[in-house]
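What follows is a single structure, written as structure tokens, with notes after it.
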Amino acid sequence: MSALLAVAVGLATGILSGCGVGGGSLLMLYLTLFAGMGQYQAAGINLLYFLACAPAALWAHLKNGLVGKKAALWCIAAGVPAAVAASLLAAHMDTGWLRRVFGLFLLCVGVKECFAKRK
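Numbering (our numbering), first residue to last: 6 to 124.
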């Protein structure tokens, strides 16, 4: 039953990730809170999962004209070095502190989304 639940969660978070909802964050919550994984292991699985889901989502968004190619290049140019630097920093941080900071980040994003005005 737990393998079936894991597959269902993976499928649901993959679909949500492709729609831009934040399925990766939901996958992290599932892996750490319900599957009992440590923060680093869950983050590694989440990154590998993202690498598998991202090409399909990018292709769909490019096909529908939803991606500004110039903006995407700037985001890649800034995002790759920032991701490398953040991962190196995270490798030297206490896991408990990192988990609390991540939880606070998710809480702030959730509150912001609940009260954000829609265009």
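Idealized CB from N, CA, C, for every residue including glycine.
Check: Drop a sphere of 10 angstroms on the beta-carbon of residue 35, count the other beta-carbons inside from all chains shown, and report buried for 16 or more, exposed for fewer.; Outcome: buried
Check: Check each candidate in 26, 121 and 41 and name the one with the smallest Cα separation from residue 5.; Outcome: As displayed, the chain neither begins before 6 nor continues past 124, which places residue 5 out of reach and without an answer.
Check: Which of helix, strand or coil does DSSP assign to residue 117?; Outcome: helix
Check: Closest by CA to residue 89, which one among 9, 116 and 52?; Outcome: 52
Check: Do the segment 74 to 94 and the segment 20 to 39 touch if we need at least three Cβ pairs shorter than 8 Å?; Outcome: no
Check: Please state whether DSSP places residue 106 in a helix, a strand or coil.; Outcome: helix
Check: Go through the segment 42 to 76 residue by residue and report every complete run of the beta strand (DSSP E) that reaches 3 residues or more, in order.; Outcome: none
Check: With distances taken Cα to Cα, identify the nearest neighbour of residue 95 among 49, 30 and 8.; Outcome: 49
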